[in-house]
Amino acid sequence: MKIAFFDAKPYDKPHFDRLGAERGVEFKYFETKLTRDTVSLARGYDGVCVFVNDTVDAEVIDALYGMGIRLVALRSAGYNNVDIKHAEGKVHILRVPAYSPYAVAEHAMALLLTSIRRIHKAYIRTKDFNFSLSGLTGFDLHGKTVGVVGTGKIGRVFVNICLGFGMRVLAYDKYPSDELSARGVRYVELSELLRESDVISLHCPLTEESYHLLDAEALGRCKRGVVIINTSRGALIDAEALLAAIKARQVGAACLDVYEEENEFFFEDFSGHIVDDDVLARLISMPNVIVTSHQAFLTEEALMNIAETTVDNIVNFLNKRDCPNELCSRCVGAECKMG
Ligand code: NAI
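Offset between the sequence shown (1-based) and my numbering: plus 114.
Spelled out as structure tokens, the structure:
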């Protein structure tokens, strides 16, 4: 089995090479992302393997289908970069539903603590032997209210971390968890969560419904000085509205592991270039904004789990076994009808 592996990074290869050799899957690594312009590289392969910033839109799907490729193995849980409806009946989309909710939730808390305790500033200061404390005053998380949007696998871990810090937890999710309610988490409407929370952390997927969940209007309804954390998907927040709300001192701080237009920049070294996204550049320039480049998943444990599940998905698919991680609704829990 030969798989074209797009957006390959040095940290991907060791796990995929080892597991691939064990399971009879040969990976050809392409550093480029999968796009309409690069899809022809997949010709002659049994499938493609992609990550969050690869494009699997209708045109790419049709091109893959035309080359006889029926498999797209995602190395991610989120699949907002895939036109699932268009894929139905053409290519199978397999994903990694969970690789380490701890990795993402812990990164969210790391960003929050860094931001509110001004660690990013203190680190640079002491490197320069500047031991002054002025401007570094933070606030206790204990007793503060955190609003968690989406209490699935990652949201739950984040809730547990916040409970451990002695925070009051409000949550918003269409499917409330009895277990979390029993532990003192209060499910509320989004409007109440926005109004009451000192910190808001987003852990829901990006869908048509959740697109720009935090827009100018929603940000205006938040508590003044709210800290916003987004480790989910960039377009949950209207980045221009966020910038305006930060300038207006409505948002007190933002911790962003994802950004609406991250495809252009994230995972690449732009240090010697002029970044022509003024919103991103302005956000990064703010003293109360921390941006990491979609790094929340990046732990050894998560990389291992991603490789294991992806290789399992590929082997199951190519051996025509039922794959529980199939996203095509026609094929879930049933034998493939696509051939
Ligand atoms: P999950 O599917 O276990 O949980 C998502 C939860 O969000 C569910 O409880 C669902 O009911 C809820 N939800 C759906 N739409 C909602 C809405 N409009 N408002 C409020 N809640 C809503 O997903 P999981 O594993 O917890 O992942 C969450 C998201 O985290 C993924 O969709 C992905 O975008 C992101 N992610 C980010 C990573 C990173 O490295 N930054 C890595 C992995 C995932």
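The C-beta atom is built at its ideal place from N, Cα and C for all residues, glycine as well. None of the values given here were measured: they were computed from a predicted structure.
Three-state secondary structure assigned by DSSP to L185: Of the three classes helix, strand and coil, the one that applies to L185 here is strand, per DSSP.
Start and end residues, beta strand (DSSP E) containing K142: Residues 140-143.
Beta strand (DSSP E) segment containing C442, residue limits: For C442, there is no enclosing beta strand (DSSP E), as DSSP gives it neither H nor E.
Straight-line gap, T152 to M281 (C-alpha atoms, nearest Å): Going by the C-alpha atoms only, they are around 47 Å apart.
Distance, V166 Cα to E306 Cα: Taking the Cα positions, E306 is about 32 Å away from V166.
Residue from C437, E376, M400 whose Cα sits closest to the Cα of S407: Ranking C437, E376, M400 by CA distance to the CA of S407 puts E376 first.
Buried or exposed by the 16-neighbour rule on C-beta atoms within 10 Å, applied to P215: By the 16-neighbour rule on beta-carbons within 10 angstroms, P215 is buried.
Which residues DSSP lists as bridging F120, in chain order: Bridge partners of F120: none, in fact.
Three CB pairs or more closer than 8 Å across the stretch 265-284 and the stretch 308-320: Contact between the stretch 265-284 and the stretch 308-320 is present: 3 or more CB-CB pairs across the two stretches fall below 8 Å.
Nearest to S248 (by Cα), restricted to the options H256, L255, I233: Here the closest residue by C-alpha is I233.
Exposed unless 16 or more other CB atoms sit within 10 angstroms - verdict on K147: Around the beta carbon of K147, 16 or more other beta carbons lie within 10 angstroms, which makes this residue buried.
Cβ-heavy atom distance, Y289 to ligand 1, below 6 Å: Because some heavy atom of ligand 1 lies under 6 Å away, the Cβ of Y289 counts as near it: yes.
Exposure label - H256; buried when at least 16 CB within 10 Å: By the neighbour-count rule (16 or more Cβ atoms within 10 Å), H256 is not buried but exposed.
Integer Cβ distance of G264 from H200, believed to fall under 8 Å: Contact between G264 and H200 is absent: CB atoms are separated by about 26 Å, not below the 8 Å threshold.
Reduced DSSP category for L237 - H, G, I as helix; E, B as strand; rest coil: Leu is not the amino acid found at residue 237; the sequence shown has Tyr there. The three-state secondary structure of Y237, taken from DSSP, is helix.
V218 beta carbon less than 7 Å from that of T424: Contact: no.
Length at least 3, wholly inside the stretch 332-381: the beta strand (DSSP E) runs in chain order: You should have 340-344, 365-370.
Closer than 6 Å: G266 CB and nearest ligand 1 heavy atom: G266 Cβ: within cutoff of ligand 1.
N194 and R347 closer than 7 Å at C-beta: For N194 and R347, yes; Cβs fall inside 7 Å.
Residue closest to G269, alpha-carbon to alpha-carbon, out of I343, G203, D242: The option with the nearest alpha carbon to G269 is I343.
S346 Cβ short of 6 Å to ligand 1 heavy atom set: At least one heavy atom of ligand 1 is nearer than 6 Å to the Cβ of S346, so yes.
Where A285 falls: helix, strand or coil (DSSP): Three-state result, A285: strand.
Contact test: V263 Cβ vs ligand 1 heavy atom, cutoff 6 Å: Result yes, Cβ under 6 Å from ligand 1.
Rounded C-alpha distance that separates C442 from D168: Taking the straight line joining both Cα atoms gives about 19 Å.
Nearest-angstrom beta carbon gap, L308 and A332 [assumed within contact, 8 Å]: Contact between A332 and L308 holds, since their C-beta atoms are separated by about 6 Å, short of 8 Å.
Proximity of I198 and Y159 at Cβ, strictly below 7 Å: Taking a C-beta distance under 7 Å as the contact criterion, I198 and Y159 do not qualify as a contact pair.
For H408, three-class secondary structure by DSSP: Residue state for H408 is assigned as coil, using DSSP reduced to three classes.
P124, buried or exposed, once every other Cβ within 10 Å from all chains shown has been counted against 16: Per the 10 Å Cβ criterion, exposed.
I207 and V174 closer than 7 Å at C-beta: In terms of Cβ geometry, I207 and V174 do not form a close pair [threshold 7 Å].
Ligand 1 heavy atom lying under 6 Å from the CB of V271: No, the Cβ of V271 stays beyond 6 Å of every heavy atom of ligand 1.
V210 CB to nearest heavy atom of ligand 1 below 6 Å: Distances between the C-beta of V210 and the heavy atoms of ligand 1 are all 6 Å or more.
Alpha-carbon to alpha-carbon, E293 and D426: Cα-Cα distance, rounded: 31 Å.
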